[in-house]
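Counting from 1, one number per residue, gives the positions in the sequence shown under my numbering.
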Amino acid sequence: MTTTHRLFAPAIGRRTFALLGGAAALSSLAQRPTLAVAAVPDDATRLHVRPARVPLAGAGHPDTLMWTYDSIVPGSVRRVRQGVPFQAVVENGLAEDTTVHWHGMRLPNAMDGVPGLTQPPIPPGGQFTYAFTPQDAGTFWYHPHANGLEQIGRGLAGVLIVEEAEPPPFDRELVWALSDRQLTEDAQIAPGFGNRMSAMMAGRIGNVVTINGRIPDRVAVRAGERVRLRLANMSVARTMALRFEGHRPVVVAYDGQPCDGSVKNLGHYAASWSAWWPKRPSSTAALT
Ligand SMILES: [Cu+2]
């Protein structure tokens, strides 16, 4: 039996979005060939930081001009292996400095991406090579640490998955990169990142919530299916409170660390969960 579940009422328009398809598409993009440049190993991942127009709001709305990794939002899901060296060459195509911070990862200080502290910022047109060996398996994410609120708010973020040597058994894996955007009527990122009022209040809370860069609609799960759900909250200020009505998810890891399932809320910047759907689904699942 396949049951279709409504996630929430989107703020702009409606569209059917296959979350599994979205995650698969992101994975395949991560595999695309890299440019050949001297002194860069063949197996290095490249991240091109650049403005691009992306179909955030969906049919009937103009594409949204965002700041992207490789012209997609969020950046592609990067999969690396615990204990296996990882390299990423970041090329800055923005008109301002940037860096990449690997959120939640234990790594050498020089690779932590804090401009002026652990590295010089990557200037417009410049590049920087990050290299480290992931020590912990889990769900992490990457984002700039330069002008972070605006650069993340304009789209720069992606999921980094460190695969364990022996993954637990599951039927299917879903990756949900959660975010929110402050959009104008014509589906563009609203200016005013330095707004004093929002800085004094809760921060910049968007008027549109997205999963994997799209306004979500429905996701189908089978009765009794064991789904490994990887969650990352990439919004700059919004606390995501997830409700799975009729389901009984079990939290198996938090911020990349295995846990006993007692964690109740996915808070701001609490990046990583994995969860099972071990029981029969019923009629609704809600994200609020
Ligand atoms: Cu972070």
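Think of the CB as a built atom: it goes at the ideal place given N, C-alpha and C, for glycine as much as any other residue.
Note that the structure is a prediction, hence the values are computed from the model and not measured.
Residue 216 counts as buried, since at least 16 other C-beta atoms from the protein chains shown sit within 10 angstroms of its C-beta. DSSP lists 48, 127 as the beta-bridge partner residues of residue 91.
Apart from the 5 residues on each side of it in sequence, residue 236 sits with its Cβ closer than 7 Å to the Cβ of 149, 152, 153, 203, 204 in its chain, given in chain order. With a threshold of 6 Å, the Cβ atom of residue 61 does not count as near ligand 1, since no heavy atom of the ligand is closer than that.
Here the distance from the Cβ of residue 103 to the nearest heavy atom of ligand 1 is below 6 Å. Distance check between residue 76 and each of 131, 83, 177 places 177 closest, using alpha-carbon atoms only. Measuring C-alpha to C-alpha distances from residue 128 to each of 90, 114, 144 identifies 90 as the nearest.
In the three-state scheme derived from DSSP, where H, G and I count as helix and E and B as strand, residue 151 is classed as helix.
For residue 200, the enclosing alpha helix (DSSP H) begins and ends at 196-200. Burial of residue 73 is indicated by the presence of at least 16 other C-beta atoms within 10 angstroms of its C-beta. Residue 212 sits in coil when the DSSP states are folded into three classes, being neither helix nor strand. At a Cβ-Cβ threshold of 7 Å, residue 255 and residue 104 count as neighbours. Distance from the Cα of residue 259 is smallest, within the candidate group 207, 138, 198, for 138. In the structure shown, residue 240 adopts extended strand secondary structure according to DSSP, grouped into three states. Taking the Cα positions, residue 171 is about 38 Å away from residue 98. Look at residue 207 here: in three-state DSSP terms it is coil, with no helix or strand label.
By the Cβ neighbour-count rule, residue 113 is buried, with 16 or more other Cβ atoms within 10 Å of its own. The C-beta separation of residue 63 from residue 50 comes to about 15 Å, leaving the pair out of contact by the 8 Å criterion.
Less than 7 Å separates the beta-carbon of residue 175 from that of residue 230. Counting every other CB atom within 10 Å of its CB across the protein chains shown gives residue 224 a total below 16, marking it as exposed. Collapsing the DSSP output to three states places residue 110 in a helix. By the Cβ-count criterion, residue 184 is exposed, with fewer than 16 other Cβ atoms from all chains shown falling within 10 Å of its own Cβ. Taking C-beta separations shorter than 8 Å and ignoring five residues to either side along the sequence, the partners of residue 80 in its chain run 86, 134, 160, 161, 162, 163, following chain order. With respect to the 7 Å criterion, residue 141 and residue 232 are classified as neighbours on the basis of their beta carbons.
With contacts defined as CB atoms closer than 7 Å, residue 146 and residue 115 qualify as a contacting pair. Note on residue 240: 16 or more other CB atoms within 10 angstroms of its CB, so buried under the neighbour-count rule.
In the structure shown, residue 160 adopts extended strand secondary structure according to DSSP, grouped into three states.
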